[in-house]
Amino acid sequence: MPSTGPSYDDLKRWTLDFTDAFNRDDLDGVMAYFTDDAVYDQFDGSAATGREAIREAFAPQFSGAFGQMRFLQEDLFIDAEAGKTMISWTCTLATKRGPAGWRGLDLLHFDGQGRLTAKLTYAKTKSPLLADRGDASD
Numbered sequence: 000m001p002s003t004g005p006s007y008d009d010l011k012r013w014t015l016d017f018t019d020a021f022n023r024d025d026l027d028g029v030m031a032y033f034t035d036d037a038v039y040d041q042f043d044g045s046a047a048t049g050r051e052a053i054r055e056a057f058a059p060q061f062s063g064a065f066g067q068m069r070f071l072q073e074d075l076f077i078d079a080e081a082g083k084t085m086i087s088w089t090c091t092l093a094t095k096r097g098p099a100g101w102r103g104l105d106l107l108h109f110d111g112q113g114r115l116t117a118k119l120t121y122a123k124t125k126s127p128l129l130a131d132r133g134d135a136s137d
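The working numbering numbers the first residue of the sequence shown as 0 and each following residue consecutively.
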């Protein structure tokens, strides 16, 4: 029986384009991927449900509140049958206190039209690891 879900190539393109929207600081581009009832499970364990709540959760990041944030891809795994991808990354920050970053991953659940029903984020830190520059002030 032929598959009716998204193809491997579609899932790869959607995942990389979605990640690129973060790196371009394009909040509208990021939000275009989410379904109206999508869930964003954040790395701190809290969840935002629905496009409005997800946009609100992303607002500080896209306003520059944490510094310039970029996601550098490490690995990408694709399960076309389930419509899911896993992208691991290193998140880099350019802050007033110096460079920071951490490693993490996103599990992305896509519907058949390339929209996200869930973004589950996992990170290897509770907060950004700021470089020790011998200065406690920002």
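Yeah, the Cβ is synthetic: ideal placement off N, Cα and C, and Gly gets one too.
Is residue i helix, strand or coil by DSSP?
{"i": "residue 17", "result": "helix"}
{"i": "residue 131", "result": "The predicted position of residue 131 is uncertain, since its pLDDT is 47 and thus under 50; a value taken from the coordinates is nonetheless stated next. In this structure, residue 131 counts as coil in the three-state DSSP scheme."}
{"i": "residue 121", "result": "strand"}
{"i": "residue 58", "result": "helix"}
{"i": "residue 7", "result": "helix"}
{"i": "residue 25", "result": "coil"}
Just checking my contact of residue i with residue j at CB under 8 Å: how many whole Å lie between their CB atoms?
{"i": "residue 81", "j": "residue 7", "result": "The pair is not a contact, with the Cβ atoms about 12 Å apart (cut-off 8 Å)."}
{"i": "residue 18", "j": "residue 86", "result": "6 Å"}
{"i": "residue 75", "j": "residue 11", "result": "7 Å"}
{"i": "residue 46", "j": "residue 40", "result": "5 Å"}
{"i": "residue 14", "j": "residue 84", "result": "4 Å"}
{"i": "residue 116", "j": "residue 37", "result": "5 Å"}
Any idea if residue i is buried or exposed, counting beta-carbon neighbours within 10 angstroms, 16 or more meaning buried?
{"i": "residue 138", "result": "Nothing about residue 138 can be read from this structure; the chain reaches only from 0 to 137."}
{"i": "residue 123", "result": "exposed"}
{"i": "residue 118", "result": "buried"}
{"i": "residue 59", "result": "exposed"}
{"i": "residue 64", "result": "exposed"}
{"i": "residue 95", "result": "exposed"}
{"i": "residue 92", "result": "buried"}
{"i": "residue 48", "result": "exposed"}
Below 7 Å, is the gap between the Cβ of residue i and the nearest heavy atom of the ligand ATP?
{"i": "residue 53", "result": "Inclusion of the ligand ATP in the displayed structure is not the case, the ligand content being empty and no account of it being possible."}
Which residues does DSSP list as the beta-bridge partners of residue i?
{"i": "residue 69", "result": "91"}
{"i": "residue 76", "result": "85"}
{"i": "residue 48", "result": "38"}
Does the CB of residue i have a neighbour CB from chain C at under 8 Å?
{"i": "residue 83", "result": "The chain inventory of the structure shown lacks chain C, comprising one protein chain alone."}
Considering only residues of the segment 78-104, which uninterrupted beta strand (DSSP E) runs meet the minimum length of 3 residues and lie entirely inside it, listed in chain order? 83-94
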